[in-house]
Amino acid sequence: MPALTSGLILATGASGFIGTHTVAALLTAGFNVRITARSQAKAEHVRELFPGKQDRISYTVVPEISEPNAWDEAVVGVDGVIHLASPVTLSHAGPPSEVIDPAVNGVLHLLESLKKFNPNVKRVVQISSSAAVGITERPDVYVYTEKDWNDAIVDITNKLGADAPGGAKYAASKTLSERAFWKYIADNKPTWDGVSINPVFNFGPATQFATADSGAITSSLSILTPYLNPGLDAKFLEQPYGSMVDVRDVAFASVKALTTPEAADERYLLSADTLWGNDLVLGVAEVIKEPGYLQGNADPEYRAKLDASKSRHDGSKVEKAFGFTYRKKADSIRDSVETLVAAKKAQKA
1 MPALTSGLIL ATGASGFIGT HTVAALLTAG FNVRITARSQ AKAEHVRELF PGKQDRISYT
61 VVPEISEPNA WDEAVVGVDG VIHLASPVTL SHAGPPSEVI DPAVNGVLHL LESLKKFNPN
121 VKRVVQISSS AAVGITERPD VYVYTEKDWN DAIVDITNKL GADAPGGAKY AASKTLSERA
181 FWKYIADNKP TWDGVSINPV FNFGPATQFA TADSGAITSS LSILTPYLNP GLDAKFLEQP
241 YGSMVDVRDV AFASVKALTT PEAADERYLL SADTLWGNDL VLGVAEVIKE PGYLQGNADP
301 EYRAKLDASK SRHDGSKVEK AFGFTYRKKA DSIRDSVETL VAAKKAQKA
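Printed below as a string of structure tokens:
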């Protein structure tokens, strides 16, 4: 595929944490953007985040992404697609199908809509997740790469059914929807090519809090919630959270996945660093200067010992492919804390 350097890009699910940053990155790169959201209010909210650029942002309302014809209108005339829309819940208590089916069908129906109404689209970037690669809770210490797949979580979820943990259902949905994406390409051999982006936990500023419509805290940033309060037990220092990446790096890489010819048919795992409760405590201390908060341990040897005790994700492939360096963990966490503190103050005002 020749490099995509201009034109109209469809960004599905653009009202979320990664989505709003992806819209910003697309605009910065010179693209016009068509977003989708579940309601007109959410779509208008995204446009309000970009004053002076609203004429470059259009939208299509897609109330239910798993409907067979949901994407027909949205795909017409676009040059590329970044597909972010997918159920994001870590606490679902019902059958796994209620999480898995919308994720899988959302992908397949999008690709079928492209086949019918825009077969000449140049590239489709599927925003998947490290949950489709593998999770760090395993008995050995392992380094995950793009070659790994989390098929085991699908088996566990199918076996446990509604009793499966919400996080397992989510991981199964990401694994199966990405599998469906690549299988569709292999079976149908479309003229466009595909790329998948698999980020770990996302940190950084949440642009969707920039206006009065500040909704729920995103799943990634919700990890920070207990750390924003005093009196936390010291055991939280050694609470493992796997790996982290800055949401702005994810957005940048998603756009590079569109514009880099050599990215065709590649899978990119995005991971900047490991993540522990100690990192979150240290990040909170940079923003909240009040007594009673748990003190972190900045000793390099202590932090290295923690890192050596758990599996991690290797995100180096995408740095080499797209020529960038990940933002530092401390900066991403600090920016996340500042976002949540500001949102909390706004809600009280």
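Going left to right, the sequence shown walks through residues 1 to 349 as the UniProt record's numbering numbers them. Cβ coordinates follow ideal geometry from the N, Cα and C atoms, glycine included.
As the crow flies, the alpha-carbon of Gly242 is around 9 Å from that of Asp273. When rounded, the separation of the alpha-carbon atoms in Leu27 and Ser222 is 28 Å.
Non-local beta-carbon contacts of Pro87 in its own chain, meaning distances under 7 Å to residues more than five positions away in sequence, involve Val99, Pro102, Ala103 and Ser173 in chain order.
Per DSSP, the beta-bridge partners of Trp276 are Pro240.
Non-local beta-carbon contacts of Ile156 in its own chain, meaning distances under 7 Å to residues more than five positions away in sequence, involve Ala164 and Ala168 in chain order. In the displayed model, Tyr170 falls within a helix according to three-state DSSP. Collapsing the DSSP output to three states places Ala253 in a helix. For Ala37, the uninterrupted beta strand (DSSP E) run begins and ends at Asn32 to Ala37, by DSSP.
Counting the other Cβ atoms within 10 Å of the Cβ of Glu178 gives 16 or more, which makes it buried. In this structure, the beta-carbon distance from Asn278 to Leu228 does not fall below 7 Å. In this structure, Ser128 keeps its C-beta atom at 7 Å or more from the C-beta atom of Val200. By the CB criterion at 7 Å, Ala171 and Ile153 fall inside the cutoff. Around the Cβ of Ala41, a 10 Å sphere holds fewer than 16 other Cβ atoms; the residue is exposed.
When secondary structure is reduced to three states using DSSP, Ala346 falls in the helix class. Restricted to the stretch 66-118, the beta strand (DSSP E) segments that are unbroken, complete and at least 3 residues in length are 80-83, listed in chain order. Pro96 is the residue among Pro96, Val255 and Asp314 whose C-alpha sits nearest the C-alpha of Ala162.
Around Ala253, the same chain offers Ile197, Tyr268, Leu270, Val318 and Phe322 as residues with beta carbons nearer than 7 Å, after the five sequence neighbours per side are excluded.
Contact between Ala74 and Leu4 does not hold, since the beta-carbon distance rounds to 18 Å and is not under 8 Å. Closest in alpha carbon position to Ala264, among Trp192, Val284 and Lys320, is Trp192. From the listed residues Tyr142, Gly52 and Pro226, the smallest Cα separation to Ser309 is found for Tyr142. A direct Cα-Cα distance of roughly 33 Å separates Leu306 from Lys256.
Between Gly292 and Val281, the CB-CB gap reaches or exceeds 7 Å.
DSSP places Asp151 in the uninterrupted alpha helix (DSSP H) bounded by Asp151 to Leu160. Residue Gln126 holds the alpha-carbon nearest to the alpha-carbon of Phe181 among Ala342, Leu49, Val247 and Gln126.
Around the beta carbon of Asn188, fewer than 16 other beta carbons lie within 10 angstroms, which makes this residue exposed. In the structure shown, Val133 falls within a coil segment according to DSSP collapsed to helix, strand and coil. In the three-state DSSP reduction, Ala11 falls in the strand class (E or B). DSSP places Ile288 outside both helix and strand once states are collapsed to three, so it counts as coil. Taking C-alpha positions only, Asp233 is separated from Leu294 by approximately 7 Å. The beta-carbon separation of Ser66 and His109, rounded to 7 Å, stays under the 8 Å limit for a contact. The secondary-structure analysis by DSSP pairs Arg312 across a beta bridge with Val143. DSSP places Pro226 in the helix class (H, G or I) of the three-state scheme.
Relative to the Cα of Arg123, the nearest Cα in the group Lys344, Pro261, Phe203 and Ala304 belongs to Pro261. The shortest C-alpha to C-alpha distance from Asp249 to any of Gly16, Thr22, Ser15 and Ala43 is the one to Thr22.
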